[in-house]
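Report on one structure; see the data block that follows.
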Amino acid sequence: VALVSDAGTPAINDPGYELVKAALDAGHPVSPVPGPSAPIAALAASGLPTDSFLYLGYLPRKSSERRSFVSQVSNLTYTLIFFETPHRLLESLADLESVLGDRPMCAARELTKIHEQFVRGRISEVKAHFTAHEPRGEFVLVVSGQLSVVSEQWAQEKLVAAIQRELESGKKAKEIATELAGQSGWSKKEVYALVIQGK
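In this note's numbering, the protein residues as written are -15 to 183.
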């Protein structure tokens, strides 16, 4: 029995793992035949570090869930890899920039096909490119991990100003605390307390 797919290596970001698990549970041997993998292909051509990376599949659809999801990995030094659809690309890039800062990244699409494209630069630069050029096709987003651990804690005045901007944009206290803790060097508890004071 063979499990094949016309969308890259099966069992990566699809329900194929359920069939693999069922076969193993039934005592059958399972042997892989290496094939194309969009996350690995994009990573290899991204120009970003490949020695340690984290593949996270599709980003959540809602902005609030997306920001919360990304904030959980914002302090990691691993290169981050996501999938995204063309109609959500610009919103997702805006959320990535907001949570992660303006990191180096590569947006890849149509890998190994005639219209293959790689757009490299800071998140803001990639976002500007696809604001001017309509996104088409499914995207692999390869984003630099945190370049360095926060070496100096933000001054309270800087943190309070950032909190005020986030409050004015309508974000909730917990969301603000999670996002700003990683960027500022303050703990979530400390940021949350300042958010409550600023309301």
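Note that the Cβ used here is the ideal one computed from N, Cα and C, for glycine as well.
Original post:
Since E163 contacts R51 with CB under 8 Å, what's their CB separation in whole angstroms?
Top reply: Rounded, the Cβ-Cβ distance is 6 Å, consistent with contact.
Original post:
For the putative contact between L143 and S168, defined by C-beta atoms under 8 Å, what is the C-beta separation to the nearest angstrom?
Top reply: 5 Å
**OP:** Helix, strand or coil for Y176, going by three-state DSSP, please let me know.
**Re:** helix
Original post:
What's the gap between the Cα of K24 and the Cα of S15?
Top reply: Looking at the sequence shown, residue 24 is not Lys but Ile. Near 20 Å, if we compare the C-alpha coordinates of S15 and I24.
Original post:
Are F66 and L32 touching if we call contact CB-CB under 7 Å?
Top reply: Cβ atoms of F66 and L32: not closer than 7 Å.
Subject >> Residue span of the beta strand (DSSP E) that contains A92, given as start and end >> reply: P88 to R93
Original post:
Among V124, R72, Y62 and D(-2), which has the Cα closest to the Cα of L84?
Top reply: Y62
Subject >> Supposed close pair K158, Y176 - CB separation, criterion 8 Å >> reply: Yes, they are in contact, since the Cβ atoms of K158 and Y176 sit about 7 Å apart, within 8 Å.
Subject >> Outcome for L93 when other beta-carbon atoms lying within 10 angstroms are tallied against a minimum of 16 >> reply: Checking the sequence shown, residue 93 turns out to be Arg, not Leu. Its Cβ being crowded by 16 or more others within 10 Å, R93 is buried.
Subject >> Where E68 falls, given that 16 or more other Cβ within 10 Å makes a residue buried >> reply: buried
Original post:
The alpha helix (DSSP H) spanning E150 covers which residue range?
Top reply: In the DSSP assignment, E150 falls within the unbroken alpha helix (DSSP H) covering Q140 to E152.
Original post:
Hey, L60 and G154 are a contact pair by Cβ (cut 8 Å); roughly how many whole angstroms apart?
Top reply: Actually they are not in contact, since the Cβ atoms of L60 and G154 sit about 28 Å apart, beyond 8 Å.
**OP:** Alpha carbon to alpha carbon, how far is A10 from R106? Give it in angstroms, no decimals.
**Re:** For the pair R106 and A10, the Cα-to-Cα distance works out to about 48 Å.
Subject >> Extent of the continuous alpha helix (DSSP H) run through G0 >> reply: Counting along the chain, the unbroken alpha helix (DSSP H) around G0 starts and ends at G0 to D9.
Original post:
What's the gap between the Cα of Y1 and the Cα of V(-12)?
Top reply: Spanning the two alpha carbons is a distance of roughly 12 Å.
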